[in-house]
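Before any comments, here is the structure.
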């Protein structure tokens, strides 16, 4: 139901639908509500002729905001973990030290590549990594990825169209 609504709105050229669908797809922690890969709203948007720059930007921002939920799940889960298990906080303290040195780069790279990012978000929150740094790295990584997807989609669509025209010219 929600998937059809988003797809219909995107097919009508709604940047808000690209944003919202990217947000919802990214906001589901481990269990997808909408079982669609995160690139679908981006590719669909440019596929119908929406501006790839705007599609990439709104898709990246929506995805980054959605991924904050995993961070807050981890952040909120720390207190519960400390009450029930005395070994885990030691692990988190060691991870926190390691993460404070390279966390921004890890978040940035993992936000850009196709990677199950929920784990990074949960660990970032659990180790109480600075939410501003987390969001900055996440926003940069997801926006760059969305822009790459959008412009790649444009070129793939153009290539497919040119190939079809060529084949029609040769055989048609």
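Numbering (my numbering), first residue to last: 1430 to 1601. Glycine included, every Cβ here is placed at the ideal spot set by N, Cα and C. Just so you know, these numbers come straight off a predicted model, no measurement behind them.
Collapsed DSSP secondary structure at residue i in the structure displayed
i            : result
residue 1557 : coil
residue 1465 : coil
residue 1457 : coil
residue 1563 : helix
residue 1596 : helix
residue 1443 : coil
residue 1588 : helix
residue 1480 : coil
residue 1470 : helix
Contact belief for residue i with residue j at Cβ below 8 Å, rounded distance in angstroms
i            : j            : result
residue 1451 : residue 1503 : Contact doesn't hold; Cβ gap of about 21 Å is too wide.
residue 1568 : residue 1484 : The pair is not a contact, with the Cβ atoms about 16 Å apart (cut-off 8 Å).
residue 1421 : residue 1553 : This structure cannot speak to residue 1421, because the chain is shown only from 1430 to 1601.
residue 1586 : residue 1475 : 7 Å
Option nearest residue i by Cα separation, candidates the options
i            : options                   : result
residue 1499 : 1545, 1466 and 1482       : 1545
residue 1486 : 1580, 1599 and 1529       : 1580
residue 1577 : 1442, 1597 and 1472       : 1472
residue 1549 : 1595, 1439, 1434 and 1455 : 1455
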